[in-house]
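Chemist: One structure, as structure tokens, below. Some questions next.
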Amino acid sequence: MALVNSKKMFEQAYKNGYAIGAFNVNNMEIVQGITEACKEVNAPVILQVSKGARAYANHTYLVKLVEAAVKECPEIPIVLHLDHGPDFETCKSCIDGGFTSVMIDGSHLPFEENIELTKKVVEYAHARGVTVEGELGTLAGIEDDVKVEHGAESYTKPEEVIEFVTRTGVDSLAIAIGTSHGAYKFKPEQCTRNEQGILVPPALRFDILEEVSKKLPGFPIVLHGSSSVPQEYVKMVNDNGGKMPDAIGVPEEQLRKAAGLSVCKINLDSDLRLAMTGTIRQFFNEKPDKFDPREYLKPARANIKEIVKHKLINVLGCAGKADECK
Ligand code: G3H
Ligand code: 13P
Ligand code: ZN
Numbered sequence: 106m107a108l109v110n111s112k113k114m115f116e117q118a119y120k121n122g123y124a125i126g127a128f129n130v131n132n133m134e135i136v137q138g139i140t141e142a143c144k145e146v147n148a149p150v151i152l153q154v155s156k157g158a159r160a161y162a163n164h165t166y167l168v169k170l171v172e173a174a175v176k177e178c179p180e181i182p183i184v185l186h187l188d189h190g191p192d193f194e195t196c197k198s199c200i201d202g203g204f205t206s207v208m209i210d211g212s213h214l215p216f217e218e219n220i221e222l223t224k225k226v227v228e229y230a231h232a233r234g235v236t237v238e239g240e241l242g243t244l245a246g247i248e249d250d251v252k253v254e255h256g257a258e259s260y261t262k263p264e265e266v267i268e269f270v271t272r273t274g275v276d277s278l279a280i281a282i283g284t285s286h287g288a289y290k291f292k293p294e295q296c297t298r299n300e301q302g303i304l305v306p307p308a309l310r311f312d313i314l315e316e317v318s319k320k321l322p323g324f325p326i327v328l329h330g331s332s333s334v335p336q337e338y339v340k341m342v343n344d345n346g347g348k349m350p351d352a353i354g355v356p357e358e359q360l361r362k363a364a365g366l367s368v369c370k371i372n373l374d375s376d377l378r379l380a381m382t383g384t385i386r387q388f389f390n391e392k393p394d395k396f397d398p399r400e401y402l403k404p405a406r407a408n409i410k411e412i413v414k415h416k417l418i419n420v421l422g423c424a425g426k427a428d429e430c431k
């Protein structure tokens with residue numbers, strides 16, 4: 106089937122208590138790892154491209170890679186989505202250039218300006234069958250060239266969501282409830298230690314999510330910054346020459362709980378990067394004489410596939426849901 110927008114996926118996800126995985130793509134191996142996992146467990150998927158990915162790989166290459174995945178996986182619905190669209194022009198360029206969904210990220214703007222910009226994108230997108238994600242609230246962490254220090258983030262204000270959604274016409278809303286971009290989400294001082302001495306990150310603000318959902322019944326909510334930073338991959342990186350001390354993420358049980366509520370899209374990027382980097386570091390450590398990119402990218406792609414499969418089955422709950430999303 107051809108690329109789809111996110112409408113049907115979110116309707117089904119909301120109704121049936123799961124979330125669609127939105128995975129960032131930057132090259133062929135990442136696209137293949139993700140879509141092979143989705144194909145194997147029959148899951149719908151959102152492949153998303155950031156401004157940085159477009160700068161790195163080029164818009165046309167990324168669109169063509171995703172089109173190749175559509176051809177190779179005709180039985181799963183795939184959305185091609187712009188992640189953190191910074192302005193109208195970038196959104197327009199992606200809409201004109203074959204994307205089926207865009208995010209306009211006006212979360213750093215004053216409320217009225219965020220509404221104005223988001224509405225402009227919605228009008229352009231909807232006239233072309235493209236769905237739009239907006240954002241209220243600011244996450245900590247790094248996204249593209251924007252770095253928000255821990256402590257400078259701001260939770261979404263539930264009292265603003267009805268006005269934002271009504272006046273902009275967005276199809277989904279990203280909110281800030283304590284998730285955060287990157288692999289260093291929570292500083293050790295933000296965490297507590299359990300009996301085994303393992304760091305436990307702070308709980309997500311489910312009270313805010315519930316208040317938002319009460320105000321917007323049936324409306325799809327999005328969580329960014331949702332990587333869980335698997336400790337086996339942090340160890341793999343550190344055991345093989347890397348330096349990622351204190352990298353810690355969002356517990357998967359909390360994401361599973363959110364997926365059962367109004368959260369219909371969960372963004373994951375750092376976990377896949379860790380899987381890829383850990384695997385490549387280990388490969389070179391064990392086989393320092395190797396130099397063929399195919400040899401080290403092959404196990405990296407295989408581990409991306411494995412981690413995505415795990416997320417689809419155990420965290421997002423969208424395995425086996427491809428057919429109902431068509
Ligand atoms: O939220 C940001 C995503 O992880 C994309 O990251 O801007 O480095 O491509 P990037
Ligand atoms: P992570 O850095 O937690 O993977 O978040 C990715 C993201 O939100 C992309 O928009
Ligand atoms: Zn994000």
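Residue numbers (the working numbering): 106 to 431.
Beta carbons: idealized from backbone N, C-alpha and C, even for Gly.
Within 10 Å of its beta-carbon, does His213 have 16 or more other beta-carbons around it, so buried, or fewer, so exposed?
Modeler: Exposed, by the Cβ-count rule.
Chemist: Can you have a look at Met106 and say buried or exposed, based on whether 16 or more other CB atoms are within 10 angstroms of its CB?
Modeler: The residue is exposed, with fewer than 16 neighbouring Cβ atoms inside 10 Å.
Chemist: Just checking: is the beta-carbon of Cys430 within a distance shorter than 7 Å of some beta-carbon in chain C?
Modeler: Absent from the structure: chain C. Only one protein chain is present.
Chemist: Tell me the rounded alpha-carbon separation between Asp344 and Gly202.
Modeler: Taking the straight line joining both Cα atoms gives about 42 Å.
Chemist: Would you say the beta carbon of Ala245 comes nearer than 6 Å to a heavy atom of the ligand G3H?
Modeler: Every heavy atom of the ligand G3H is 6 Å or more from the Cβ of Ala245, so no.
Chemist: How far does the beta strand (DSSP E) with Thr140 in it reach, from first residue to last?
Modeler: Taken as a continuous stretch (DSSP letters only), Thr140 belongs to no beta strand (DSSP E), being part of the alpha helix (DSSP H) at 133 to 146.
Chemist: Fully enclosed by the segment 255 to 310, which alpha helix (DSSP H) runs are 4 residues long or longer?
Modeler: Listed in chain order, they are 263 to 273.
Chemist: Mind reading off the beta-carbon distance from Ile371 to Ile139? Whole number of angstroms is fine, and I expect it under 8 Å.
Modeler: Contact doesn't hold; Cβ gap of about 14 Å is too wide.
Chemist: Consult DSSP for Met106 and reduce its assignment to one of helix, strand or coil.
Modeler: Note: Met106 maps to coil in three-state DSSP.
Chemist: Do Ile326 and Arg272 come within 7 Å of each other at the CB atom, strictly closer than that value?
Modeler: Cβ atoms of Arg272 and Ile326: not closer than 7 Å.
Chemist: Distance, Cα to Cα, Ile412 vs Pro393?
Modeler: Distance between the alpha carbons of Ile412 and Pro393 is about 25 Å.
Chemist: Could you check where the alpha helix (DSSP H) with Met114 kicks off and where it finishes?
Modeler: 112 to 121 is the extent of the alpha helix (DSSP H) around Met114.
Chemist: Cutting at 7 Å between CB atoms, please list the residues of its own chain near Glu429, excluding the five before and the five after it.
Modeler: Closer than 7 Å at Cβ, skipping near neighbours: Gln117.
Chemist: Is Asn110 buried or exposed, if buried means 16 or more other CB atoms sit within 10 Å of its CB?
Modeler: By the 10 Å Cβ count, Asn110 comes out buried.
Chemist: Between the alpha carbons of Ser206 and Gly246, how many angstroms are there, rounded?
Modeler: Cα to Cα, the separation comes out at about 24 Å.
Chemist: For the ligand ZN, I want to know if Asn129 counts as a neighbour, meaning its beta carbon is within less than 6 Å of at least one of the ligand's heavy atoms.
Modeler: No, the ligand ZN has no heavy atom inside 6 Å of this Cβ.
Chemist: Can Gly347 and Ser332 be called in contact, C-beta distance under 7 Å?
Modeler: Contact: no.
Chemist: Which one of Lys431, Lys403, Val334 has the shortest CA to CA distance from Thr284?
Modeler: Checked all of Lys431, Lys403, Val334; the closest Cα to Thr284 is Val334.
Chemist: Which term fits Asp188, buried or exposed, when burial requires 16 or more other beta carbons within 10 angstroms of its beta carbon?
Modeler: By the neighbour-count rule (16 or more Cβ atoms within 10 Å), Asp188 is buried.
Chemist: Candidates Cys143, Val420, Leu304, Gln387: which alpha carbon is nearest Gln359's?
Modeler: Of the listed residues, the one whose Cα sits closest to Gln359 is Val420.
Chemist: What do you reckon, is the C-beta of Asp394 under 6 Å from a heavy atom of the ligand G3H?
Modeler: No, Cβ of Asp394 sits at least 6 Å from all heavy atoms of the ligand G3H.
Chemist: Quick check: what's the CA-CA separation for Ser198 versus Ile303?
Modeler: When rounded, the distance between both Cα atoms is 46 Å.
Chemist: Compare the C-alpha of Gly234 against each of Lys403, Ala405, Leu108 and name the closest.
Modeler: Residue Leu108 is the option with its Cα nearest to Gly234.
Chemist: Since I believe Asp374 is in contact with Asn129 (beta carbons under 8 Å), could you give me their beta-carbon distance rounded to a whole number of angstroms?
Modeler: Contact holds; Cβ gap of about 4 Å.
Chemist: Does the beta-carbon of His213, which I'm using as the reference point, lie nearer than 6 Å to any heavy atom of the ligand ZN?
Modeler: No, the ligand ZN has no heavy atom inside 6 Å of this Cβ.
Chemist: For Cys369 and Glu337, what's the separation of their Cα atoms in angstroms?
Modeler: If you take the alpha carbons of Cys369 and Glu337, they lie about 27 Å apart.
Chemist: Just curious, the alpha helix (DSSP H) that Gly383 is in, first and last residue?
Modeler: That run of the alpha helix (DSSP H) goes 375 to 391.
Chemist: Return yes when the Cβ of Ala363 is within less than 7 Å of the Cβ of Ala288, no when it is not.
Modeler: No, these two residues do not count as a Cβ contact at 7 Å.
Chemist: Taking Cβ to Cβ, would you say Gly239 is nearer than 7 Å to Leu222?
Modeler: No, they are not a contact pair.
Chemist: Would you check whether the ligand G3H has a heavy atom nearer than 6 Å to the C-beta of Asp374?
Modeler: Correct: Asp374 has its Cβ closer than 6 Å to the ligand G3H.
Chemist: Give me the residue from Ile282, Glu265, His286, Met208 with the minimum Cα distance to Glu254.
Modeler: Answer by Cα proximity: His286.
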